[in-house]
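J.: Before I ask anything, here is the structure I am working with.
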Amino acid sequence: MAENIYNEVLIDHNLHPAHMHELSCATCSNDGLNPTCGDQLTLNLVIDNGIITDGSFTGVGCAISHASTDIMLDLVIGRSVEEGKHLVGLFLKMITDSITDDELDELEEAGALQSIAKMPARVKCATLGWKTLEKLLNENV
Amino acid sequence: MAENIYNEVLIDHNLHPAHMHELSCATCSNDGLNPTCGDQLTLNLVIDNGIITDGSFTGVGCAISHASTDIMLDLVIGRSVEEGKHLVGLFLKMITDSITDDELDELEEAGALQSIAKMPARVKCATLGWKTLEKLLNENV
Amino acid sequence: MLSGGVMRMSNRDFKQDFAVFDAYKELVYLDNSATTQKPRQVIEAIQKYYFEQNANPLRGLYDLSVMATEAYENARKSVKDFIGAESTREIVFTRNATESLNLISYSYGRANIKSGDEILVTISEHHSNLLPWQDLARQTGAVLRFLECDGSGAYTEEQLKQALTSKTKLFAIAQVSNIFGRINPIKEFAEICHANGTLIVCDAAQSVAHTPVNVRDLGVDFLAFSGHKMYAPMGIGVLYGREELLEKMPPFLYGGEMIELVTRENATYAELPHKFEAGTVNVGGAVGLHAAIEYIRKIGFETIMSREDELTERAFEKMKSLPYVHILGSDKAKDHHGIISFTIDGVHPHDAAAVFDADGIDIRAGHHCAQPLHKYLGVQSSARMSLAFYNDETDVDRFLQTLETVRGRMGIG
Amino acid sequence: MLSGGVMRMSNRDFKQDFAVFDAYKELVYLDNSATTQKPRQVIEAIQKYYFEQNANPLRGLYDLSVMATEAYENARKSVKDFIGAESTREIVFTRNATESLNLISYSYGRANIKSGDEILVTISEHHSNLLPWQDLARQTGAVLRFLECDGSGAYTEEQLKQALTSKTKLFAIAQVSNIFGRINPIKEFAEICHANGTLIVCDAAQSVAHTPVNVRDLGVDFLAFSGHKMYAPMGIGVLYGREELLEKMPPFLYGGEMIELVTRENATYAELPHKFEAGTVNVGGAVGLHAAIEYIRKIGFETIMSREDELTERAFEKMKSLPYVHILGSDKAKDHHGIISFTIDGVHPHDAAAVFDADGIDIRAGHHCAQPLHKYLGVQSSARMSLAFYNDETDVDRFLQTLETVRGRMGIG
Ligand SMILES: Cc1ncc(COP(=O)(O)O)c(C=O)c1O
Ligand SMILES: Cc1ncc(COP(=O)(O)O)c(C=O)c1O
Chain E
-9 MAENIYNEVL
1 IDHNLHPAHM
11 HELSCATCSN
21 DGLNPTCGDQ
31 LTLNLVIDNG
41 IITDGSFTGV
51 GCAISHASTD
61 IMLDLVIGRS
71 VEEGKHLVGL
81 FLKMITDSIT
91 DDELDELEEA
101 GALQSIAKMP
111 ARVKCATLGW
121 KTLEKLLNEN
131 V
Chain H
-9 MAENIYNEVL
1 IDHNLHPAHM
11 HELSCATCSN
21 DGLNPTCGDQ
31 LTLNLVIDNG
41 IITDGSFTGV
51 GCAISHASTD
61 IMLDLVIGRS
71 VEEGKHLVGL
81 FLKMITDSIT
91 DDELDELEEA
101 GALQSIAKMP
111 ARVKCATLGW
121 KTLEKLLNEN
131 V
Chain B
106 MLSGGVMRMS
116 NRDFKQDFAV
126 FDAYKELVYL
136 DNSATTQKPR
146 QVIEAIQKYY
156 FEQNANPLRG
166 LYDLSVMATE
176 AYENARKSVK
186 DFIGAESTRE
196 IVFTRNATES
206 LNLISYSYGR
216 ANIKSGDEIL
226 VTISEHHSNL
236 LPWQDLARQT
246 GAVLRFLECD
256 GSGAYTEEQL
266 KQALTSKTKL
276 FAIAQVSNIF
286 GRINPIKEFA
296 EICHANGTLI
306 VCDAAQSVAH
316 TPVNVRDLGV
326 DFLAFSGHKM
336 YAPMGIGVLY
346 GREELLEKMP
356 PFLYGGEMIE
366 LVTRENATYA
376 ELPHKFEAGT
386 VNVGGAVGLH
396 AAIEYIRKIG
406 FETIMSREDE
416 LTERAFEKMK
426 SLPYVHILGS
436 DKAKDHHGII
446 SFTIDGVHPH
456 DAAAVFDADG
466 IDIRAGHHCA
476 QPLHKYLGVQ
486 SSARMSLAFY
496 NDETDVDRFL
506 QTLETVRGRM
516 GIG
Chain W
106 MLSGGVMRMS
116 NRDFKQDFAV
126 FDAYKELVYL
136 DNSATTQKPR
146 QVIEAIQKYY
156 FEQNANPLRG
166 LYDLSVMATE
176 AYENARKSVK
186 DFIGAESTRE
196 IVFTRNATES
206 LNLISYSYGR
216 ANIKSGDEIL
226 VTISEHHSNL
236 LPWQDLARQT
246 GAVLRFLECD
256 GSGAYTEEQL
266 KQALTSKTKL
276 FAIAQVSNIF
286 GRINPIKEFA
296 EICHANGTLI
306 VCDAAQSVAH
316 TPVNVRDLGV
326 DFLAFSGHKM
336 YAPMGIGVLY
346 GREELLEKMP
356 PFLYGGEMIE
366 LVTRENATYA
376 ELPHKFEAGT
386 VNVGGAVGLH
396 AAIEYIRKIG
406 FETIMSREDE
416 LTERAFEKMK
426 SLPYVHILGS
436 DKAKDHHGII
446 SFTIDGVHPH
456 DAAAVFDADG
466 IDIRAGHHCA
476 QPLHKYLGVQ
486 SSARMSLAFY
496 NDETDVDRFL
506 QTLETVRGRM
516 GIG
C-alpha cells in the first residue's frame, strides 16, 4: 500500500488552479503530451526581456499534473528564464534522483511533490508541465 | 537411464544385414527420408503376381533403422502384398500403441524392436523402412 | 440460494492457493484482466519440471530430453482438450496473445491479403488485435474497416452482415472485450463470416479463464490467448488455427526445430505445429500452462462463473447507484462478466487508482490498450476493476467503500 | 597446480546448486550446449517474483505493478551490465536467440536490405542464424553468401576481407560455434566489417554462459542470446542492438505496450526498448535471467572457464588417442571451450547416444541444427558432448569409459 500522495497543497492546486486559463497575449506556447494516458497540456508564457512575466495552462490531466503545473507557474512567474531553467532542473532532479534540503527549499511549494519519486507510474504526470516549460525556455532564448 | 535396446537380434541384423545390397531387377523402389537426422533409405522390391519375391535396401542410417529394415525384409519376402500391408500395420501399431501377444508372434523377429516404443526419438528410425514399404505396397497394387 | 452456495466455498478458501495473499494479507487485487495471480500448483509444476525433467526437447536421445518432450507435448494436448480443437497440430505455443495475432497477420495475412481487400475489426479491440491489422493493411494496401458498438458495447448480427462486403477477407474480434466485459456472439458471427467467405479471428485473451471456450463449437478459424491471464506464467501463449489453414501458411519465425532439411539456399519446414515454433521452445511455460488448465478444471467453470457473476453484480449494483460514477458499456450487471470500467466525475482515473492503491486495492486506470474505443466513447481514460473467482465479497466491499470516499479525499463534494 | 586448484572447489560443490543432480544422483549431463540445468537460486527467484511481486508491469498505478516493473527493468539493467551495453535502451527482451535474430531480419533487414545486396554468413552457423537470412534474401532479392571454414573450423581475417564486397550489407556469425566450440575473433571481424560499411550480427547463444562478452569491446552492431543456455529459464532471450540502429528500425510485433498514440488507422510507437516488446512482457523470465546473471557473477568467469577448459582437455586428449574417434574442428583441446563434436567409426551417432543414455550419460546426436556444415564436412551427422562448469572429472571419466565400450557393445571390434 502506497502512502497517500494527495496532500493539502496538491488537492488545493488541483481544485483551484490559479493559472488554468487561456492567455491571449502569450508570446510562446507549447503542447506537452503524456502518451501513456493520452493526457495533454498546453503551456502559455509571456516572456518579456528575459523575464517570465505571466503564464497559464489548459488541457486534460490528472490532479498531479494539474497541481504540479500550477505550482510550477506560481514558482517561475516573475523569475528570469535562467532561474526558470535552474528550477526545472532541480524539480526533475528531485523526482528522478534526490536533492539536498537547501535545494528542496528553493522549490518552495513544489517540494510537496517529492513523494512522487516513489511512484514511477506517476512521474510522467508530475513532470509533464516542467518538461514542457523546459522545452519552451530552451526554444525561446 | 534407459534400458539397453541393442539386443542380440538387433546387433546381428545391423552388422550382417542380409538384404543390404543393390537389386538390379527391382520392379519398384522408393526413397525414405528421416528428416530429423538426414538419414536416407532406398527400398527395392520385386513384386511378382501379387507376391513379394525379393527385396533389398541401401542408404545411410543408424543400427535401429538398418536392423529394422533388414528384419522387415526377412519377414515379408515370400508373402503377398496384402500380408505385407497387414504386417506393416501391426509393426506400426506395436511401436506407436500396443499389440496383443498373438499379434506380437506374427511379427516374429521384428518383435525385438518392441521396446523402441518407449524411445520416442527413435521411433522414426525404427519405422523408416516400414513406412517406406507401406508406401511402395500402396502404390504398386 | 446460489448466494449461500457460493459463500460456502468463498472467503479465504481459494485465496489459500495463491501465495501472494499470504504475502499481503490485506491485498485486494482487482486487476485480473491485466494479469491473474498464480496458484502454488502452477509454480510448483514449473519448479518440478526444472528440477526433474529439464532438457532441450524434441531432438533428444536421452531420458531427460524424452521427459521434457513429453511434458511439452502433454501440455499441448491439454490445451487442445481445453479449447476443443481437433488435433494437437492446431495448437501453436507462442509468447502471448499478441504474438499469436501477429503470427496470423504476418504469415496468413501477408500471403493472402491483397491490395483492395478489406479487413474488419471492431472499435473496441485491444491494441494487440488492432495494430497487427493496421500494419497488414499498410503492407498490403488492404483497407481496415471498423464495426462500431452501441452504447452498451454490443455488436449485432445485422450490423456485421451489413459491414461485410465481397472484399472482406478477415474479421478480427475479441470474444470478451477487456473494457466492457461483454461476451460477443462469436458463434453467430463465425457463421455470418463463413457464409460471406470471410475468415474470423477470435481474440480469447479475456475469455479463456472465465468461460468455457470451444473452438469447434464457435467455428472460428483462428483463436489467440495468453497464459498469464489464466493463472499460468508469463511468456507462454497459444495460437489455435484450423489445420487446413495452418498447413498452407508459410512459416513466421525461422530457425532451429522448425525445419526438416536445410541447404545453403533453402529449407523445407517441419510438420505442424513445429513449423511455427522456431528455436528452443518454452517447456517451463507450457508446463505452467498445463498446470493452470488442470487447476481451472479442478475449480470448474461453474464455480468460476457463478462466483465472478455474483461478485460483479454486487459491485455493479452499488456503483450504478452512485450518481458520480459512470460505467462504460451495458447497464446490466450480467453483461459484464467480472469487468467494470468506469469514470468518476471530477476525478481523473489515475488519481482514483492512486487513492485505491493507498487503501491496498489494485485497480487499473488509463486507456487499457483501447485508445480508439475511448476516443469513440468520448472518454479520455477510465478506471477498471476486474474480478477473478478468488476474489470475495470483502474485496468487493472494500472496493466500494473506497469508491465512495474517493471524491471526498480529492477535495470534491 | 591449476588442476589442484580447480579440484578443490570441484566435485559435488556446484552440483549442489542444481536440484536435478539430487533427483538423479548418477546423472552425467553433457548436453549443456543444448540447454543448461537451472540452479535453485534461479527457480527460487522466479517463485519469489510470482508469489510477492506479480502484476502486469509498465502501466500499473499500484504497488504490486510498480514492483513488477522494477523487477523487469532491473533485469534489463543487469543484462546491460552483463554484456557491457551503453544503455538499457539497447536491451530488448525476446523469447530466445532465434526470435532475436528474426527480429533483426524482419525489422532491420526488410527496411534496409535491397535486391542485389549481399548477406554474408558462415557455413557453420546454427539454423537460427541462417534461415532468417535465407528468408530475408528470398524476400528482398539479396544474395546469400557463405564463408567456409578450414579443417579446424576457423575463419581468418584475410578470408573475411576477400569475401566482403561493396554490396555486403550484413555479416552474421556466431561468437562460438555450437559444433566446433571455437571462439571466433569477433572484434577483429567487426573492425573489418565496419571498414567496409557492413553491419555485423553476432550470435552469442553459445558464448555468454562460458566467456565474458562485452558488446562495446567487440564492437558488434547486434548480438543475440537465449537465457536457457545460461542457467536461466526457457522463454526468455535477449537482443542487443546499437541504439542508433534500433532507433531507426520499424517495430516488429505490434500490440499493447509498444505504442504511444493509437488512432483507427495509425499508431506512434513507444520509446526504446519498449517499441520492440509487444504485449504483456515476460517478467518471470526476465527475473530468472537476472538471477542467472547474478549466479554466474558469483561463480565468476575465471572459475567457469578454468573448470570447463580443464574438463575439455581431459576429455579431448583421451578421445584424440582413440583411433576410431574423429573430432570435428580443431585438433587442439584449447580451441574447443567445452564443446566436442565427434563421430565413431562404424557406429551411427544416434546409436552412440542411445548407448550413452543406457549408462546415464546425456549427449546429443544429429546435425545439431547445422545441416549445411555437416554436408560441407562430408559427415552425415555427429555426436556431441558439451560441458558446463558444474560438470566434474567423474562425469568426464564416465563419458570416456562408455565411449571406449560403445563399439564393443554395438558388436564391432
Ligand atoms: C550457436 C547457436 N545459435 C543459436 C541457437 C538458437 O538458440 P535458441 O534455440 O535458444 O533460440 C543455438 C542453440 O540452439 C546455438 O547453439
Ligand atoms: C482483449 C485482449 N486482447 C489481447 C490482449 C493481449 O494479451 P497479451 O498482452 O498477453 O499479449 C489483452 C490483454 O492485454 C486483452 O485484454
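Protein chains in written order, with my numbering: chain E, -9 to 131; chain H, -9 to 131; chain B, 106 to 518; chain W, 106 to 518.
In this text, a Cβ means the ideal position worked out from N, Cα and C, and glycines have one as well.
The model shown is predicted, which means the values in this text are computed figures rather than measured ones.
#1: With a CB to CB cut of under 7 Å and the five nearest residues on each side skipped, what residues in its chain are close to D456 (chain B)?
#2: Looking at the unbroken beta strand (DSSP E) that takes in F251 (chain B), where does it start and where does it end?
#3: Under the three-state reduction of DSSP, which class applies to L107 (chain B): helix, strand or coil?
#4: Using the beta-carbon count (16 or more within 10 Å), is K380 (chain W) buried or exposed?
#5: Go ahead and label D462 (chain B) buried or exposed: buried means 16 or more other beta carbons lie within 10 angstroms of its beta carbon, across all protein chains shown.
#6: Going by the DSSP bridge assignment, what does Q30 (chain H) pair with across the sheet?
#7: Which residues in chain B have a C-beta closer than 8 Å to the C-beta of A462 (chain W)? List them in chain order.
#8: Taking the alpha-carbon positions, what's the M106 (chain W) to H473 (chain W) distance?
#9: So the candidates are W:L269, W:R145 and W:K274; which of them puts its Cα closest to the Cα of G246 (chain W)?
#10: Output the residue ranges of the beta strand (DSSP E) runs that lie fully inside the stretch 460 to 511 of chain B and measure 3 residues or longer, sorted by chain position.
#11: Which bits of chain E does V352 (chain W) rub up against, with CB to CB less than 8 Å?
#12: Three or more C-beta pairs under 8 Å: does that hold for the stretch 100 to 116 of chain E against the stretch 51 to 66 of chain E?
#13: For D6 (chain E), count neighbouring Cβ atoms within 10 angstroms of its own Cβ and tell me buried if that reaches 16, exposed if not.
#14: Comparing C-alpha positions only, which one of B:L492, B:D467, B:A279 and B:E365 sits nearest to L23 (chain H)?
#15: Would you mind telling me which residues of chain B sit closer than 7 Å to V50 (chain E), beta carbon to beta carbon, in chain order?
#16: Within a Cβ cutoff of 7 Å, which residues of the same chain sit near L163 (chain B), ignoring the five residues on either side of it in sequence?
#17: Determine the direct distance from the alpha carbon of D2 (chain E) to that of A100 (chain E), and round the result to whole angstroms.
#18: Could you check which residue in W:L135, W:E157, W:N179 and W:D497 has the C-alpha nearest to that of E415 (chain W)?
#19: Cα separation between S70 (chain H) and V501 (chain W)?
#20: Suppose you measure from the CA of H9 (chain E) to the CA of L31 (chain E); what does that come to, to the nearest Å?
#21: Output needed for T373 (chain B): all residues of its chain with C-beta closer than 6 Å, excluding positions within five of it in sequence on either side, in chain order.
#22: Just reading off the alpha helix (DSSP H) that Y400 (chain W) is part of, what are its end residues?
#23: Quick check on this structure: which residue in E:D92, E:E96, E:E12 and E:V(-1) has the alpha carbon closest to the alpha carbon of L65 (chain E)?
#24: Answer yes or no: does any C-beta atom of chain W fall closer than 9 Å to that of P7 (chain E)?
#25: Can you tell me where the beta strand (DSSP E) holding H431 (chain B) begins and where it ends?
#26: What do you reckon, is the C-beta of Q547 (chain B) under 8 Å from a heavy atom of ligand 2?
#27: What does the alpha-carbon distance come out to for the pair L118 (chain E) and I37 (chain E)?
#28: Counting Cβ pairs, one atom from each stretch, are 3 or more of them under 8 Å apart for the stretch 268 to 287 of chain W and the stretch 221 to 237 of chain W?
#29: Strictly below 9 Å CB to CB, what residues from chain B border A111 (chain H)?
#30: What distance in whole Å lies between the Cβ atoms of Y429 (chain B) and Q512 (chain B), which are believed to be in contact at a cut-off of 8 Å?
#31: Between the alpha carbons of A139 (chain W) and F123 (chain B), how many angstroms are there, rounded?
#32: Tell me the rounded alpha-carbon separation between M410 (chain W) and L103 (chain E).
#33: Going by alpha carbons, who is nearest to L169 (chain W) out of W:N179, W:Y155 and W:T141?
#34: When you compare the CB of D2 (chain H) with every CB in chain W, is at least one pair closer than 9 Å?
#35: Measuring only from the beta carbon, is A202 (chain B) closer than 8 Å to any heavy atom that is part of ligand 2?
#36: Under 7 Å, CB to CB, which of the residues in the stretch 362 to 389 of chain W have a partner in chain E?
T.: With the given structure in hand:
#1: By the criterion of a C-beta distance shorter than 7 Å, D456 (chain B) is surrounded in its chain by M515, once the five residues flanking it on both sides are discounted.
#2: V248 to L252
#3: Interpretation of L107 (chain B) is limited by its pLDDT of 39, a score under 50 that renders its predicted location unreliable; the figure taken from the coordinates is listed afterwards. Three-state DSSP puts L107 (chain B) in a helix.
#4: buried
#5: buried
#6: H:L23 and H:V50
#7: Note that residue 462 (chain W) is Asp in the sequence shown here, rather than Ala. D462 (chain W) reaches chain B at L166, Y167 and D168, counting residues in chain order whose Cβ is nearer than 8 Å.
#8: With a pLDDT of only 34 at M106 (chain W), under the threshold of 50, the placement of this residue in the model should not be trusted, and no figure is reported.
#9: W:K274
#10: 469 to 471 and 487 to 491
#11: In the sequence under discussion, the amino acid at residue 352 (chain W) is Glu, which differs from the Val named in the question. Those within 8 Å of E352 (chain W) in chain E number zero; the least Cβ separation is about 17 Å.
#12: yes
#13: Residue identity check: residue 6 (chain E) is His in the sequence provided, not Asp. With fewer than 16 other Cβ atoms within 10 Å, it is exposed.
#14: B:E365
#15: Listed along chain B are Q485, each with a C-beta nearer than 7 Å to that of V50 (chain E).
#16: Shown here for L163 (chain B): same chain residues with a beta carbon closer than 7 Å to its own, the five before and five after excluded, namely T174 and E362 in chain order.
#17: 13 Å
#18: W:D497
#19: Put simply, the backbone Cα of S70 (chain H) is about 52 Å away from that of V501 (chain W).
#20: 13 Å
#21: E365 and L366
#22: Residues V388 to I404.
#23: Closest in alpha carbon position to L65 (chain E), among E:D92, E:E96, E:E12 and E:V(-1), is E:E96.
#24: no
#25: V430 to I432
#26: With chain B represented from 106 up to 518, any question about residue 547 (chain B) goes unanswered, as that position is not in the structure.
#27: 20 Å
#28: yes
#29: Listed along chain B, the residues sitting closer than 9 Å to A111 (chain H) by beta-carbon distance are L163, R164, G165, L166, Y167, S170, V171 and T174.
#30: It is Arg, not Gln, that sits at residue 512 (chain B) in the sequence shown. About 6 Å; that satisfies the 8 Å criterion.
#31: 34 Å
#32: 50 Å
#33: W:Y155
#34: Yes, its Cβ sits closer than 9 Å to a Cβ of chain W.
#35: yes
#36: E365 and L366
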